[in-house]
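In my numbering, the protein residues as written are 570 to 822.
Every residue gets a Cβ at the ideal spot worked out from N, C-alpha and C, and that includes glycine.
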Ligand SMILES: NC(=O)c1ccc[n+]([C@@H]2O[C@H](COP(=O)([O-])OP(=O)(O)OC[C@H]3O[C@@H](n4cnc5c(N)ncnc54)[C@H](OP(=O)(O)O)[C@@H]3O)[C@@H](O)[C@H]2O)c1
């Protein structure tokens with residue numbers, strides 16, 4: 570029997586936003602380990618350098634780093650045009666950059682609304698547009714958007730974040746319909762409660778309450794989310810598009 574090579578991503582070119590974050594970092598690591606040439610994107614050149622050092626220490630070399638602000642459409646356009654000119658192709662796009670600002674209704678500022686919708690929604694759409702053009706040139710590709718269980722079920726004090734993540738689901742399904750004839754797949758991952766910097770500020774009482782709602786009784790790890798991304802990036806998911814894959818330990822069944 571031949572070994573299954575469907576997970577092999579050799580020579581595939583990938584771009585991962587939020588690559589200095591818990592989930593984006595874990596996804597980048599797994600893609601590189603499977604042979605992909607991965608560009609790491611985030612806002613801070615300093616944090617990107619630290620991430621490259623950490624990967625190199627594990628014997629993993631990224632393709633390049635791109636520092637730009639997801640809150641700035643012009644910066645996104647410049648970065649992605651530069652990427653296209655240099656590398657000419659893109660096989661895998663992972664939109665893992667994102668922010669979460671909890672606030673009760675009545676306390677959500679116009680500035681927070683603008684920033685959250687720009688970073689979580691508009692930046693995802695901009696990236697999908699550039700990616701689709703590049704992927705269409707060679708007639709294949711996989712786009713993976715990070716949404717959240719909160720975008721599906723909502724959360725108290727999370728009206729803004731939930732709206733942004735629900736929008737990501739709508740954008741994912743629409744793009745999947747549009748791009749399927751071009752053999753470009755578009756899926757979303759909806760993590761539950763994952764231990765990263767994004768959730769590190771939760772007070773103990775909140776953390777305990779959230780964990781009580783998880784069937785498996787524990788938070789998830791970035792690696793567990795990255796395993797789902799690896800599946801969606803690879804040929805093993807070749808007939809799967811427009812789906813929202815929950816990675817939440819039974820928070821929602
Ligand atoms: N952790 C969870 O429990 C959880 C659950 C459901 C969904 N998610 C989603 O999963 C994704 C990754 O989250 P995470 O937990 O890995 O969070 P994280 O550790 O806080 O990482 C967030 C990443 O986004 C980048 N980022 C934030 N604002 C940016 C901006 N304006 N421009 C460029 N990059 C920016 C950060 O880069 P810098 O280094 O430049 O700040 C960082 O790399 C997010 O979309 C999040 O909503 C997370």
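Proximity of the segment 675 to 686 to the segment 597 to 606 falls short of the contact definition, fewer than three beta-carbon pairs being nearer than 8 Å. Counting only runs of at least 4 residues, the segment 583 to 645 fully encloses the following alpha helix (DSSP H) elements, listed from N- to C-terminal order: 591 to 602, 614 to 626. Of the heavy atoms belonging to ligand 1, none sits nearer than 6 Å to the Cβ of residue 623. Beyond the five residues adjoining it in sequence on each side, residue 719 comes within less than 7 Å, by CB distance, of 727, 730, 731, 734 in the same chain, given in chain order. Membership of residue 729 in the alpha helix (DSSP H) is indicated by the continuous run 728 to 748. Assigned with DSSP and collapsed to three states, residue 581 falls in coil, not helix or strand. Residues of the same chain with a CB within less than 7 Å of the CB of residue 748, apart from the 5 flanking positions on each side, are 701, 755 in chain order. Remark: the C-beta of residue 762 is in contact range of ligand 1, defined as less than 6 Å to any heavy atom. For residue 780, the enclosing alpha helix (DSSP H) stretches over residues 773 to 781. Burial state of residue 599 is buried, judged by a 10 Å Cβ sphere holding 16 or more other Cβ atoms. The C-beta of residue 660 has 16 or more other C-beta atoms within 10 Å across all chains shown, which makes the residue buried. Taking the Cα of residue 790 as reference, the smallest distance to any Cα among 574, 588, 822, 592 is reached at 592. When the Cα atoms are used, residue 772 and residue 590 turn out to be separated by approximately 20 Å. Per DSSP, the beta bridge partners of residue 816 are 760. The three-state reading of DSSP puts residue 658 in coil, since its state is none of H, G, I, E or B. Cβ atoms of residue 645 and residue 695 come within 8 Å of each other, at about 5 Å. A straight line joining the alpha-carbon of residue 630 with that of residue 583 spans about 13 Å.
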